[in-house]
Amino acid sequence: MRGSDGAALAGDLPFPPPASGPPRLGEARARLTHPEVRWCGATYGVMERVPGGWMMSGMERTTPQDARDSLGWWLRARARDRGVSAAVRAAYLRGAERLDRDRPDELSVAGRLFRV
Numbered sequence: 010m011r012g013s014d015g016a017a018l019a020g021d022l023p024f025p026p027p028a029s030g031p032p033r034l035g036e037a038r039a040r041l042t043h044p045e046v047r048w049c050g051a052t053y054g055v056m057e058r059v060p061g062g063w064m065m066s067g068m069e070r071t072t073p074q075d076a077r078d079s080l081g082w083w084l085r086a087r088a089r090d091r092g093v094s095a096a097v098r099a100a101y102l103r104g105a106e107r108l109d110r111d112r113p114d115e116l117s118v119a120g121r122l123f124r125v
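Residue numbers (the numbering used here): 10 to 125.
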């Protein structure tokens, strides 16, 4: 599986302790500690490869394309930064344009690797 170390498949995840008391007591306790349940569904975001792993920049997007659009916006903002060289700004702009044209899951821009 891509993006998983396989721990869940190998059964290495810890199990919660068994519930104690009558079922109604557990239900009442759950209503007190978790008064509202909200289903969020799948969320997506952008990761950047850094030394030692991946750095997450948020997982609040509702679709992979929304995450790509967010990355494109960020790359365009970096392309306007006069504090970096013109070559790096041009690379950021090319990366944003590629996201407009294609739907890559990984994108390398100015020596930085991003993943949706």
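Each residue gets a CB set at the ideal place from its N, CA and C atoms; glycine is no exception.
So which of the options has the shortest CA-CA distance to residue i?
{"i": "leucine 108", "options": "Asp75, Asp90, Val93", "result": "Asp75"}
{"i": "cysteine 196", "options": "Leu122, Leu34, Thr72", "result": "The question about residue 196 has no answer here: the residues shown for the chain are numbered 10 through 125."}
{"i": "valine 125", "options": "Leu80, Pro44, Arg103", "result": "Leu80"}
{"i": "glutamate 6", "options": "Arg98, Ala37, Thr52", "result": "No information on residue 6 is available, as it lies outside the stretch 10 to 125 that the chain covers here."}
{"i": "serine 117", "options": "Tyr53, Ala95, Arg58", "result": "Arg58"}
{"i": "arginine 85", "options": "Gly92, Glu106, Thr52, Arg70", "result": "Glu106"}
Check residue i in the structure and name its three-state DSSP category.
{"i": "valine 118", "result": "strand"}
{"i": "glutamate 36", "result": "helix"}
{"i": "arginine 97", "result": "The residue you asked about is not arginine; residue 97 is valine in the sequence shown. Valine 97 falls in the helix class under three-state DSSP."}
{"i": "glycine 92", "result": "coil"}
{"i": "arginine 47", "result": "coil"}
Exposed or buried, residue i, counting other C-beta atoms within 10 Å across all chains shown (16 or more means buried)?
{"i": "glycine 104", "result": "buried"}
Tell me, to the nearest whole angstrom, how far the beta carbon of residue i is from that of residue j; I am working on the premise that it is less than 8 Å.
{"i": "glutamate 52", "j": "glutamate 69", "result": "It should be pointed out that residue 52 corresponds to threonine in this sequence rather than to glutamate. That belief holds up - the Cβ atoms of threonine 52 and glutamate 69 are roughly 6 Å apart, short of 8 Å."}
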